[in-house]
Amino acid sequence: MEKFETVTGTAIPLPRSAVDTDQIIPAVFLKRITKTGYDDALFHEWRKDEEFVLNQPWAQGATVLFAGPDFGTGSSREHAVWALRDYGFKAVIAPRFGDIFRGNSGKQGLLTGTVSEAEIEAFWAAIEANPGIPATVDLVARTVTVGEVQATFDIDDYTRWRLLEGLDDIGLTLRDEARITEFEAGREAWRPRTLPVR
Amino acid sequence: MSTTESAAAPAPKTLAEKVWAAHLVKQGENGEPDLIYIDLHLVHEVTSPQAFDGLRMAGRPVRRPDLTIATEDHNTPTLEIDKPIADVTSRTQIEALRKNCAEFGIRLHPLGDVEQGIVHVVGPQLGLTMPGITVVCGDSHTSTHGAFGAMAFGIGTSEVEHVLATQTLPLKPFKTMAITVEGELRPGVTAKDIILAVIAKIGTNGGQGYVLEYRGSAIRSLSMDGRMTICNMSIEAGARAGMVAPDETTYAYLKGRPHAPQGEDWDAAVAYWETLKTDDDAVFDAEVFLDANELEPFVTWGTNPGQGVSLNDSVPDPATMTDPNEKAAAERALEYMDLQPGTRMKDIAVDAVFMGSCTNSRLDDLRTFASIIKGRKKADGVRVMVVPGSARVRLEAEAEGIDKIVEEFGGEWRFAGCSMCLGMNPDQLAPGERCASTSNRNFEGRQGKGGRTHLVSPVVAAATAITGRLSSPSDIDAMVEA
Numbered sequence: 004m005e006k007f008e009t010v011t012g013t014a015i016p017l018p019r020s021a022v023d024t025d026q027i028i029p030a031v032f033l034k035r036i037t038k039t040g041y042d043d044a045l046f047h048e049w050r051k052d053e054e055f056v057l058n059q060p061w062a063q064g065a066t067v068l069f070a071g072p073d074f075g076t077g078s079s080r081e082h083a084v085w086a087l088r089d090y091g092f093k094a095v096i097a098p099r100f101g102d103i104f105r106g107n108s109g110k111q112g113l114l115t116g117t118v119s120e121a122e123i124e125a126f127w128a129a130i131e132a133n134p135g136i137p138a139t140v141d142l143v144a145r146t147v148t149v150g151e152v153q154a155t156f157d158i159d160d161y162t163r164w165r166l167l168e169g170l171d172d173i174g175l176t177l178r179d180e181a182r183i184t185e186f187e188a189g190r191e192a193w194r195p196r197t198l199p200v201r
Numbered sequence: 003m004s005t006t007e008s009a010a011a012p013a014p015k016t017l018a019e020k021v022w023a024a025h026l027v028k029q030g031e032n033g034e035p036d037l038i039y040i041d042l043h044l045v046h047e048v049t050s051p052q053a054f055d056g057l058r059m060a061g062r063p064v065r066r067p068d069l070t071i072a073t074e075d076h077n078t079p080t081l082e083i084d085k086p087i088a089d090v091t092s093r094t095q096i097e098a099l100r101k102n103c104a105e106f107g108i109r110l111h112p113l114g115d116v117e118q119g120i121v122h123v124v125g126p127q128l129g130l131t132m133p134g135i136t137v138v139c140g141d142s143h144t145s146t147h148g149a150f151g152a153m154a155f156g157i158g159t160s161e162v163e164h165v166l167a168t169q170t171l172p173l174k175p176f177k178t179m180a181i182t183v184e185g186e187l188r189p190g191v192t193a194k195d196i197i198l199a200v201i202a203k204i205g206t207n208g209g210q211g212y213v214l215e216y217r218g219s220a221i222r223s224l225s226m227d228g229r230m231t232i233c234n235m236s237i238e239a240g241a242r243a244g245m246v247a248p249d250e251t252t253y254a255y256l257k258g259r260p261h262a263p264q265g266e267d268w269d270a271a272v273a274y275w276e277t278l279k280t281d282d283d284a285v286f287d288a289e290v291f292l293d294a295n296e297l298e299p300f301v302t303w304g305t306n307p308g309q310g311v312s313l314n315d316s317v318p319d320p321a322t323m324t325d326p327n328e329k330a331a332a333e334r335a336l337e338y339m340d341l342q343p344g345t346r347m348k349d350i351a352v353d354a355v356f357m358g359s360c361t362n363s364r365l366d367d368l369r370t371f372a373s374i375i376k377g378r379k380k381a382d383g384v385r386v387m388v389v390p391g392s393a394r395v396r397l398e399a400e401a402e403g404i405d406k407i408v409e410e411f412g413g414e415w416r417f418a419g420c421s422m423c424l425g426m427n428p429d430q431l432a433p434g435e436r437c438a439s440t441s442n443r444n445f446e447g448r449q450g451k452g453g454r455t456h457l458v459s460p461v462v463a464a465a466t467a468i469t470g471r472l473s474s475p476s477d478i479d480a481m482v483e484a
């Protein structure tokens, strides 16, 4: 996982609330078995509409997505994060996120920062006034900036540290393997076992 | 509370807090998450291939194959299951699961096996799901297993890989919310109506960050199948997990199942499970109350599970909504659903009825559906698809003649799987088709591109299949008289 400190690139507004993961990537794309290559699947249905924001010439180099409240609700599909990442997004800024989506994002190096609804509207206005304008996300300072508009975003300390260090999840946990083994030694006999088949 | 009191007695805890504490491998410090042990990991073909890929790339084994079980459900066809799967990508995912399970030593119930089926139906029916355990699966409806007093939640593919490699998950503690449902349900009102009413009340984000604990006399009186229906849809209220404290109903369901504890282990387990109740003086972070006596059959009109009303009500008018987000969402939903404000829900005609999914495909659900359609014929032009949750449920239903009842009604009796709940297999709605569905999500395009979904209970699904419009059983008699 790459270290995330500061990222600058085209700001993309998505002024809709409750964009669920079925909209981010329809279930039909979940059949693939690879871990990359989902850029074509992102917002697949909406992209058929010529007016959709990602179809605008100025949307090239899309890097930071500014979405409405409750972005990424619904299904647990991590493909939603892969699709955003593969398309080139490094960060999503929104007033609220679906819990599972947010957890998935942190593990894949996609930053999710929360700002207030008033702030997200200010960002939308700034982008609308100047389509193609870049956004800068500074994780060290926890700020996001579009032109004259700047806001401090919320992200939990642990995820922030992980992103800044670019740390792999499993490796982190396996530093505590002795504790896991000790815990397993104390598990009761009644707890379920899938093997051997009875 | 004085310090002497707190030293004398442990702090009162909720059910969720007790299960959490019993799985703490390491307490997180300085904002780090806790490390939580996972007792049972359920695997299916859609969210696992990339996790196994990750293990292979890093040269890591599966730490506990004996706590892991896999089944094929999301992609599987529900017709002609003895033939090769026609869809190339579906077949690829299923073949990948078979290869991965063989390579990593994981028990798999493939298509055609008697224990194959929807992962959230299979775990409980095998007796693997039990009180006081932690259960995860790469599927948001894992919350289903909370019906047993387990802490069960959906995870993403990275987390699937993490559990395969370490049998643990780093997690931040959840907040707790009590959802108390007191009273007696009227005839024809079911667990599904309770949970749809809860979601309409607290909203699709009302449970975000919480574990929900369903309590009260109406919950206690439900069968395990009903409790699973409720916990299943916790995620539709934004909560990753929902729980019901175990009781005699839970033990009676479990006892004698293939993986339930036996002999001394059973006695030890029940003694422990008896402690898995929220302490009287424990405090929830939030509380919600619902009167079961007042509840009517509940159906959705929009494109998220919170957009629901009583079946006797009408499609709401976005113009009367004060919250601008809610209003905009309602306008979009009505456009997609092709509905007008003020239309009586009971005047909405459907093209299809889907009876199935991890929400409502267990034996109780099928029995309820069959009891209403028995001896009748489906409405002309309505397609009725009945998909049992597992191969075993299918066999049990057939032993009771439910397959014959469905076929004589004019419905399709299918093989087990997720089917039209999410249309990853050929079971899909055509664009513009409208469906009364016992599933859990009415999102745009979920049941097929351009398809329109009304979430309903098995009771309403059955009555609707008879009349051709969203209906309760009382409407069937009215139709016959007219």
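As given, the protein sequences belong to chains A and B, one line each in that order. Counting from 4, one number per residue, gives the positions in the first sequence under the working numbering. Counting from 3, one number per residue, gives the positions in the second sequence under the working numbering. Ideal placement from N, C-alpha and C gives every residue a C-beta, glycine not left out. Keep in mind it's a predicted model, so treat the numbers as computed, not measured.
Less than 9 Å separating the beta-carbons of residue i and residue j?
i       : j       : result
M132(B) : P260(B) : no
V64(B)  : I135(B) : no
R194(A) : D249(B) : no
A467(B) : I375(B) : yes
A53(B)  : E163(B) : yes
A432(B) : G450(B) : yes
V149(A) : A21(A)  : no
K15(B)  : D281(B) : yes
I87(B)  : G419(B) : no
D25(A)  : R242(B) : no
M347(B) : W303(B) : yes
N362(B) : T251(B) : no
Y338(B) : R443(B) : no
K203(B) : L292(B) : yes
May I ask you to report which of helix, strand or coil DSSP gives residue i?
i       : result
S160(B) : helix
T5(B)   : Any reading at T5(B) needs caution, since the residue's pLDDT is 42, under 50, leaving its predicted position unreliable; the model's value is listed next. Note: T5(B) maps to helix in three-state DSSP.
D36(B)  : strand
P16(A)  : strand
L110(B) : strand
Q153(A) : strand
A152(B) : coil
G197(B) : Note that residue 197(B) is Ile in the sequence shown here, rather than Gly. Three-state result, I197(B): helix.
M245(B) : strand
G265(B) : helix
W415(B) : strand
P86(B)  : coil
K34(A)  : helix
P51(B)  : helix
R334(B) : helix
S225(B) : coil
D52(A)  : coil
P475(B) : helix
S316(B) : strand
V213(B) : strand
For residue i, return the contacting residues in chain A, with the cut-off set at a CB-CB distance below 8 Å.
i       : result
S160(B) : E81, N107, K110, Q111, D172
Can you pull the chain B residues whose beta carbon is under 8 Å from the beta carbon of residue i, in chain order?
i       : result
K34(A)  : V48, N77, D89, T91, S92, T94, Q95, M426
L177(A) : A167, T168
D42(A)  : Per Cβ cutoff of 8 Å: no residues; D42(A) is ~16 Å from chain B at best.
Which whole-angstrom value describes the C-beta separation of residue i and residue j, a residue pair presumed to lie in contact below a C-beta threshold of 8 Å?
i       : j       : result
A86(A)  : I27(A)  : 6 Å
P299(B) : V461(B) : 7 Å
N77(B)  : S92(B)  : 4 Å
G244(B) : C233(B) : 4 Å
R364(B) : D227(B) : 4 Å
E105(B) : T305(B) : About 41 Å separates the two Cβ atoms, so there is no contact after all.
G140(B) : T70(B)  : Actually they are not in contact, since the Cβ atoms of G140(B) and T70(B) sit about 12 Å apart, beyond 8 Å.
Since residue i meets chain D, which of its residues come closer than 8 Å, beta carbon to beta carbon?
i      : result
T70(B) : No chain D is present in this structure, whose protein chains are A and B.
By the criterion of Cβ-Cβ separation under 7 Å, what are the contact partners of residue i in chain A?
i       : result
N306(B) : A21
Can you list the residues of chain A that residue i reaches, using a CB-CB cut of under 9 Å?
i       : result
G240(B) : D73, T76, G101, D102
N485(B) : Residue 485(B) falls outside the range modelled here, since chain B spans only 3 to 484, and no answer is possible.
Strictly below 7 Å CB to CB, what residues from chain B border residue i?
i      : result
P29(A) : G447
K38(A) : Q52, D55
Is residue i near the ligand PLP - that is, is its Cβ less than 8 Å away from at least one heavy atom of it?
i      : result
W22(B) : In the structure shown, the ligand PLP is absent, as is every other ligand, since no ligand is present at all.
Checklist entry - Can we say the stretch 46–62 of chain A touches the stretch 64–78 of chain B, given the rule of at least three CB pairs closer than 8 Å? => result no
Item to check | Touching by the beta-carbon criterion (3+ pairs, under 8 Å), the stretch 408–419 of chain B and the stretch 383–396 of chain B | outcome: yes
Checklist entry - Is the stretch 310–317 of chain B in contact with the stretch 330–344 of chain B, if contact means three or more CB pairs nearer than 8 Å? => result yes
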